[in-house]
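K.L.:
In the UniProt record's numbering, the protein residues as written are 1 to 635.
There's a structure below that I have some questions on.
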Amino acid sequence: MTAYDAAYRRSIEHPDEFWREAAQDIDWVTPPQRILDDDNPPFYRWFPDAELNTCFNALDRHVAAGRGDQPAIHYDSPVTDTRRTLTYAALLDEVSHFAGVLDSLGVTKGDRVVIYMPMIPEAVVAMLACARIGAVHSVVFGGFAPAELAARIEDAKPVAVVSASAGIEPSRVVEYKPLLDAALDRSSHKPESVIVLQREQATAEVGVRDTDWEEMTWDEVMADAEPADPVAVKATDPLYILYTSGTTGRPKGIVRDNGGHAVALRWSMPNIYGINEGDTWFTASDVGWVVGHSYIVYAPLLTGASSVLYEGKPVGTPDAGAFFRVIQDYGVKAMFTAPTAYRAIKRDDPDGELLRDYDLSSLETLFLAGERLDPDTWQWATDRLGVPVVDNWWQTETGWPIASSLRGLEPMPIKPGSPSVPVPGYAVQILDETGSPLPAGEEGAIAIRLPLPPGTLPTLWGDDDRYVGEYLSTYAGYYLTGDGGLVDEDGYLYVMGRTDDVLNVAGHRLSTGSIEAALAGHEAVAECAVIGVADELKGQLPRGFVVLKSGIDGSGEEGERIRAELVQRVRDEVGAVAALRQVDVVTALPKTRSGKILRKTMREIADGKTPNVPSTIEDATVLETLTPVLRPPTP
Ligand code: COA
Ligand code: AMP
């Protein structure tokens, strides 16, 4: 039996034994006696009697072990021409002082703190400071507009909000404070304190408005801060909430616990990613996404590795050689990003000329995740880099990979188009519509038999019923991933895409519902639909279709004005990151007799596939009229 087979089998047949052993790499205040609490299915809890502090495990213990002078974070920001390295000792110092600030503002164990910040070290400091005092952070991606931010504030009910004056996009400076002000005005929940880090690219107006909450600058509060010690929390206490998009406009608050998360991420670094203490690791994502939470911040720090925090883009900051410059400058052993980033590099520098300017001898592996890795991009990266390019599949809900080639445990041959095999802990099954397992080679819904391993979501924030309804009720005893796919004869998984209407634009997960809500809010719109269509660079791009209220002319100048306003509304409400550029005015939307819009059928037509038209369609002529709009004639 191979190392992978043995570990996988043990993790499924004897999960207590497997995870008890993995838990030894974490420093506990109260070590776990019980491993899995399965008293209340379908709710499972890991390490129910244990206590720890995640920040202590990420920082203090490494300093105590003599790693104080080792870089924890290399902040590299081509957009501001700044580089700053924080050692473990320096990061611990900043984090404990900011934890003291939160403490002095009355933030205590279990309170929520919303963090709305760009890719700067203070975002990491704020996250770890929350963890230090047992507060629950909820980071909101800086590219989201006020409506999305407000929805998260409304649900998380933070005591404090931490933000910055600006984020820097290559084309513009994005002022965050006006966006935050607008979100707080919209939200019925108000925090007690707002802390804003001033960046020199834009100064925010802080404390000048008449508000119910106190506004302060980061420098002001840090000036006389006292350091705070780590607080012991239960392994099952929440470490963070990260909102993700479902099909409806209401985001889902994915809860991450402290204990299972620390154990799983610590296990993943050597076993999946081949990264150990002292190694340098570079994840190009954003702290606002799960990849950023897990693999920019927590996993490398829990491991005692050095993590690059990169504030820039794969291309244009200044060119398609940027990632390779970072790999060379910091001696990066493994890199992790989304396939889109490599598609952008490939587009700008097809022959990989820029990458030849750099010494990439430190690089052993490139990991890609967040969306499907197409074989062309895999081949291009493999040929240019000369190292294994490893696809791994997971989601915000799981927090760490469900499927991957396990580079540390047992590197296995790579098959392009497949994220390889199920990771230990995940009992992956392909199910048919009735919930019966399908044989190798047959496509169905990808589900995971319960219990999910440590580190995965125990529930949705404040909504156990929605957790069960959205994930656990389709197939009893299984977690529904929302992705479709198959397993081949060798046990390799192939992920074909979402079976629901969730969009994936440049590795960013977006909801059709929130984009539709933005369109529907326009006074001229009677009804609308949004679908994700295949795009060479971003994987998918949203397209909007609107039916206007009767009497409103959708053609000519009037129509052009409305379409432009709709595109702008989506930027203003959801954010530029939605990248909605095309809205078509149509006379009707195809629906079933019960009124459900046939988005999947529309998507299939737009992608040039043979559409699956349900027999319950209300009026087939609507689809016929729409087809030329969906699928422009080939020239
Ligand atoms: N704050 C504010 N605005 C943001 C933002 C942020 N953090 N991130 C993106 N935006 C804006 C961009 O400025 C752009 O605005 P524009 O329409 O005015 O130009 C828009 O949102 C779309 O941005 P982006 O998705 O970055 O597309 P792009 O066309 O500018 O760049 C890529 C294309 C491929 C370079 C880019 O999508 C990319 O770097 N992808 C990597 C994906 C990734 O890291 N995913 C994380 C999951 S692992
Ligand atoms: P997110 O929660 O933003 O990480 O998005 C998760 C979704 O992205 C998954 O449900 C998949 O649809 C898609 N995804 C992530 N990684 C991969 C991958 N390696 N291959 C195919 N799809 C992926």
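Glycine included, each C-beta is placed from N, C-alpha and C at the ideal position.
Remember, predicted model here, so these are calculated numbers, not experimental data.
1. Is K313 near the ligand COA - that is, is its Cβ less than 7 Å away from at least one heavy atom of it?
2. Let me make sure I understand the geometry here. Which of L541, D535, V495, L486 has the alpha-carbon closest to that of S511?
3. What are the boundary residues of the beta strand (DSSP E) that D355 is part of?
4. Cα separation between D39 and P15?
5. Taking one C-beta from the stretch 209-216 and one from the stretch 30-47 each time, how about it: are there three or more such pairs within less than 8 Å?
6. Would DSSP call T481 helix, strand or coil?
7. What is the C-beta distance between V107 and V114, in whole angstroms, given that I count them as a contact (C-beta under 8 Å)?
8. My understanding is that T601 touches L623, with C-beta atoms under 8 Å, so please give their C-beta distance in whole angstroms.
9. What are the uninterrupted segments assigned as alpha helix (DSSP H) that are 4 or more residues long and contained completely in the UniProt domain "Acetyl-coenzyme A synthetase N-terminal" (4-58), given in chain order?
10. Could you check what DSSP says for G253 in three-state terms: helix, strand or coil?
11. Start and end of the alpha helix (DSSP H) containing S96?
12. Using only CA atoms, which one of A320, E516, S362 lies nearest to H340?
13. Quick check on the DSSP output: the beta strand (DSSP E) that includes I272 runs from which residue to which?
14. Which of the three DSSP states, helix, strand or coil, is assigned to M335?
15. Tell me whether the beta-carbon of P121 lies closer than 8 Å to the beta-carbon of R67.
16. For the ligand COA, is there any heavy atom lying closer than 7 Å to the beta carbon of P318?
17. Return the first residue and the last residue of the beta strand (DSSP E) that G167 is part of.
18. Within 10 angstroms of the Cβ of E536, are there 16 or more other Cβ atoms? Answer buried if so, exposed if not.
19. Would DSSP call R209 helix, strand or coil?
20. Comparing C-alpha positions only, which one of V139, Y342, L105 sits nearest to D224?
21. Name the one or two DSSP bridge partners that T85 has.
22. Can G260 and W46 be called in contact, C-beta distance under 8 Å?
23. Is L503 near the ligand COA, judged by its Cβ being under 7 Å from some heavy atom?
24. Could you tell me the alpha carbon to alpha carbon distance between G441 and L486, rounded to whole angstroms?
25. Under 7 Å: does the beta carbon of L179 sit that close to some heavy atom of the ligand COA?
26. When you compare only the Cα positions, how much space is there between R10 and N271?
27. Does the count of Cβ pairs from the stretch 145-153 and the stretch 186-193 closer than 8 Å reach three?
28. Here's a check: name, in chain order, each residue in its chain whose Cβ is nearer than 8 Å to the Cβ of R384, leaving out the five neighbours to either side.
29. Please name the residue in A123, L242, D357, L91 whose C-alpha comes closest to that of L460.
30. Restricting to Cα atoms, I'd like to know which of E205, G100, W267, D376 is closest to P416.
31. Among R571, V585, L59, which has the Cα closest to the Cα of K549?
32. In whole angstroms, give me the CA-to-CA distance for L197 and E311.
33. Run the proximity test for F324: is its beta-carbon closer than 7 Å to any non-hydrogen atom belonging to the ligand GTP?
34. Which residue or residues does DSSP assign as beta-bridge partners of H137?
35. Whole angstroms are fine: how far does the CA of V421 sit from the CA of G507?
36. In the DSSP assignment, what residue or residues form a beta bridge with W393?
P.N.:
To lay it out plainly:
1. yes
2. Its Cα nearest to that of S511, the residue L541 stands out among L541, D535, V495, L486.
3. Rather than Asp, the amino acid found at residue 355 in this sequence is Leu. If you look at L355, you'll find it isn't in any beta strand (DSSP E); DSSP assigns it neither H nor E.
4. If you take the alpha carbons of D39 and P15, they lie about 15 Å apart.
5. no
6. strand
7. With a Cβ gap of about 11 Å, V107 and V114 do not count as contacting.
8. With a Cβ gap of about 7 Å, T601 and L623 count as contacting.
9. Secondary structure remark: continuous alpha helix (DSSP H) runs of at least 4 residues inside the UniProt domain "Acetyl-coenzyme A synthetase N-terminal" (4-58), in chain order: 15-22.
10. Strand at G253.
11. If you look at S96, you'll find it in the alpha helix (DSSP H) that goes 88-104.
12. Per the sequence shown, the amino acid found at residue 340 is Thr instead of His. Looking at the Cα atoms, A320 is the closest of the given residues.
13. First-last for I272: undefined, no H or E at that position.
14. strand
15. no
16. Incorrect: P318 has no Cβ contact closer than 7 Å to the ligand COA.
17. 166-169
18. exposed
19. coil
20. L105
21. H74
22. yes
23. No, the Cβ of L503 stays beyond 7 Å of every heavy atom of the ligand COA.
24. So the alpha carbons of these two residues sit roughly 6 Å apart.
25. No, the Cβ of L179 stays beyond 7 Å of every heavy atom of the ligand COA.
26. 15 Å
27. The answer is yes - the stretch 186-193 touches the stretch 145-153, with three or more Cβ pairs under 8 Å.
28. G352, L355
29. That would be L242, whose Cα lies nearest to the Cα of L460.
30. D376
31. Nearest neighbour of K549 by Cα position, chosen from R571, V585, L59, turns out to be V585.
32. 16 Å
33. In terms of ligand content, the structure shown lacks the ligand GTP and carries the ligand COA and the ligand AMP instead.
34. V113, Y240
35. 21 Å
36. Paired residue(s): A403.
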